[in-house]
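Position one of the sequence shown corresponds to residue 0 (numbering that gives the first Met the number 0), numbered consecutively onward. Beta carbons: idealized from backbone N, C-alpha and C, even for Gly. For reference, the structure discussed in these notes is given below.
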Amino acid sequence: MTHFPFEIAAVDGAARTGRIQTPRGDIRTPAFMPVGTAATVKALYPEQVSEAGADIILGNTYHLMLRPGAERVHRLGGLHRFMRWSGPILTDSGGFQVWSLSKLRQMSEEGVTFKSHIDGSAHSLTPERSIEIQADLLGADISMQLDECTAFPSPREEAERSMEMSLRWAKRSKAAFGERETQNLFGIVQGSTFEDLRRRSAEGLMEIGFDGYAIGGLAVGEGFEAMCEVLDFTTPVLPLDRPRYLMGVGKPVDLVESVARGVDMFDCVMPTRSGRHGQAWSDYGPVNLKNARFAEDDTPLNAAIACPASRDYSRAYIHHLVRAGEYLGSMLLSWHNIAYYEDLMARMRTAIAEGEFEAFRRGFLERWHSNEK
Ligand SMILES: CNc1nc2c(CCNCC3CCCCC3)c3nc(N)[nH]c(=O)c3cc2[nH]1
Numbered sequence: 000m001t002h003f004p005f006e007i008a009a010v011d012g013a014a015r016t017g018r019i020q021t022p023r024g025d026i027r028t029p030a031f032m033p034v035g036t037a038a039t040v041k042a043l044y045p046e047q048v049s050e051a052g053a054d055i056i057l058g059n060t061y062h063l064m065l066r067p068g069a070e071r072v073h074r075l076g077g078l079h080r081f082m083r084w085s086g087p088i089l090t091d092s093g094g095f096q097v098w099s100l101s102k103l104r105q106m107s108e109e110g111v112t113f114k115s116h117i118d119g120s121a122h123s124l125t126p127e128r129s130i131e132i133q134a135d136l137l138g139a140d141i142s143m144q145l146d147e148c149t150a151f152p153s154p155r156e157e158a159e160r161s162m163e164m165s166l167r168w169a170k171r172s173k174a175a176f177g178e179r180e181t182q183n184l185f186g187i188v189q190g191s192t193f194e195d196l197r198r199r200s201a202e203g204l205m206e207i208g209f210d211g212y213a214i215g216g217l218a219v220g221e222g223f224e225a226m227c228e229v230l231d232f233t234t235p236v237l238p239l240d241r242p243r244y245l246m247g248v249g250k251p252v253d254l255v256e257s258v259a260r261g262v263d264m265f266d267c268v269m270p271t272r273s274g275r276h277g278q279a280w281s282d283y284g285p286v287n288l289k290n291a292r293f294a295e296d297d298t299p300l301n302a303a304i305a306c307p308a309s310r311d312y313s314r315a316y317i318h319h320l321v322r323a324g325e326y327l328g329s330m331l332l333s334w335h336n337i338a339y340y341e342d343l344m345a346r347m348r349t350a351i352a353e354g355e356f357e358a359f360r361r362g363f364l365e366r367w368h369s370n371e372k
């Protein structure tokens, strides 16, 4: 097993803090991974993403195979060189995006065929092809198995069929990946909201053996309570000494409640996407800077965060930019939101290291549920 060393520095309840050591740098956990869908964390330079505190970013098989093409990225030196990000990159395997973005898709045991949402051209993804794109062509440090994200809600039989196919694809993904010294491969637990299916999926993946375990099939409309319930009965089954990655999550309160349940890694489009829609995140929830109450608010978004977008610009100015539809509005809010998310992760890492995570969590939930904005 050539998994990256995962050093757990402290445990507080089910919460853990530590670091994953990769050839391209350490990942401090719990970690939030900004999403770089089309080889860019939208509206930010890589330097800003790194200075904001991100150790690792996400890339994506689906988008990059369609445009500019995985072979082209490879000819140009791989994804790190192409986008000038020298730290670790995790890529998703593409299955989820086929379901959420493409038209006319066909699923079979072999894989999935689909039409590009960009130009309608025909494409196919198999477990083997997805690994080739992620690990060989893009050069991801961490690749994900090809899986099927089971729709929610699903009847039990459908969830079982879907989970079992993802397990077969997990086996094929691992066989295609083989043993690599400088790259890792994560399996993805499915099983929707059914405890026994989640257990069988986790046990099946551990039997195959992966460098880390993602929890898929969540943040698909099941709601906060159901997501927490699935975490309550899934994370305890997973190995303590391997990273757990909750895919597609989430709002700040989701991150706090999931870290409390033993999750180490997260990704979400929320900070950047909501920044483009005029929203700034805080411990009190989202704040829409378009709101008239900011028109003459000369205070910064959050002076406690050492990011120019959070500390140096007034809300009045950002309000003006958003109202005027100026690019700088989206740029500053995206920058602040990434810095806020990374600051939240840093506060949680410190709280766990000091054995104070419960107190941190209580304080955060009080702020989150207060109506102060
Ligand atoms: C938002 N909710 C959610 N996302 C899920 C995702 C995607 C996670 N984010 C990947 C980025 C998305 C933007 C482009 C770059 C990659 C899921 N992915 C996989 N493979 N399986 C899931 O069950 C799975 C489940 C998910 N649930």
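CA nearest to the CA of residue i, picked from the options
| i | options | result |
| --- | --- | --- |
| S369 | P285, M347, A305 and I351 | P285 |
| A201 | T233, A175, A315 and S49 | T233 |
| F5 | M205, L320, F193 and M264 | M264 |
| D91 | S115, E50, W84 and A37 | A37 |
| R171 | Q105, F209 and F193 | F209 |
| R310 | A294, L327, L331 and F293 | L331 |
| F113 | M64, R322 and D135 | M64 |
| S115 | S165, S153 and H62 | H62 |
| R74 | I19, L137, L204 and M205 | L137 |
| S161 | G24, E108, P307 and E357 | E108 |
| W168 | A134, E156, I130 and A139 | I130 |
| G12 | F363, G76, W367 and A358 | A358 |
| D195 | E147, Q182, V229 and I187 | V229 |
| G220 | V236, V248 and G68 | V248 |
| F86 | T298, V111, V72 and E46 | As written in the sequence, residue 86 is Gly, which differs from the Phe given in the question. Taking only the C-alpha atoms, the option nearest G86 is E46. |
| I88 | N301, G35 and P126 | G35 |
| R15 | T181, V255, G186 and R80 | V255 |
| V252 | P33, I207, Y340 and Y244 | Y340 |
| A303 | L57, D282, L184 and M106 | D282 |
| R348 | I7, H2 and A51 | I7 |
| T21 | G94, V236, T181 and I207 | T181 |
| T39 | R83, R197 and R23 | R83 |
| D342 | Q105, E163, R27 and F3 | R27 |
| V268 | G77, W334, T125 and A121 | W334 |
| L239 | L245, K250, V262 and V72 | V262 |
| I187 | G203, F193 and A174 | G203 |
| G58 | D25, S313, S142 and F31 | S142 |
| Q133 | L184, I117 and A9 | L184 |
| G93 | L300, K102, G77 and T60 | T60 |
| M246 | R198, W280, G211 and I337 | G211 |
| K289 | A121, L320 and S313 | L320 |
| R23 | A9, R80, R241 and F193 | R80 |
| V48 | M106, K102 and C306 | C306 |
| A308 | S123, A51, F3 and F95 | A51 |
| F31 | R361, V236 and R243 | R243 |
| D135 | V72, A323, N301 and S123 | V72 |
| I19 | F3, G177 and Q96 | F3 |
Per-residue burial, residue i [other beta carbons within 10 Å of its own, 16 or more giving buried]
| i | result |
| --- | --- |
| D318 | Residue identity differs from the one stated: residue 318 is His in this sequence, not Asp. Label assigned to H318: buried. |
| R128 | buried |
| S99 | exposed |
| D231 | exposed |
| F223 | exposed |
| P152 | exposed |
| R260 | buried |
| T119 | One point to set straight first is that residue 119 is Gly, not Thr, in the sequence displayed. Exposed, because fewer than 16 other Cβ atoms sit within 10 Å of the Cβ of G119. |
| R66 | exposed |
| T1 | exposed |
| I55 | buried |
| D294 | Correcting the residue type first, residue 294 is Ala in the shown sequence and not Asp. A294 comes out exposed. |
| Q144 | buried |
| T298 | exposed |
| K173 | buried |
Nearest-angstrom Cβ-Cβ length linking residue i and residue j, presumed shorter than 8 Å
| i | j | result |
| --- | --- | --- |
| N287 | G274 | The pair is not a contact, with the Cβ atoms about 11 Å apart (cut-off 8 Å). |
| D140 | S165 | Actually they do not touch by this definition, with Cβ atoms about 23 Å apart. |
| A42 | T271 | 7 Å |
| G216 | S257 | Actually they are not in contact, since the Cβ atoms of G216 and S257 sit about 14 Å apart, beyond 8 Å. |
| M344 | P29 | 6 Å |
| A213 | M226 | Wrong, their Cβ atoms sit about 14 Å apart, outside the cutoff. |
| F193 | A158 | 6 Å |
Please give me, in chain order, every unbroken run of the alpha helix (DSSP H) with length at least 4 that falls completely inside the stretch 79-165. 94-100 and 126-130
Which complete beta strand (DSSP E) runs does the stretch 153-233 hold, if anything under 3 residues is left out? 183-188 and 211-214
Uninterrupted alpha helix (DSSP H) stretches inside the stretch 297-357 (no shorter than 4 residues): 307-310, 314-323 and 326-352
In chain order, each beta strand (DSSP E) run of at least 3 residues that lies wholly inside the stretch 1-36: 5-11, 14-21, 24-28 and 30-33
What are the start and end residues of each continuous alpha helix (DSSP H) run of 4 or more residues lying completely inside the stretch 38-80, in chain order? 45-50, 60-65 and 69-74
In chain order, what are the residue ranges of uninterrupted alpha helix (DSSP H) at least 4 long that sit wholly in the stretch 237-264? 251-258
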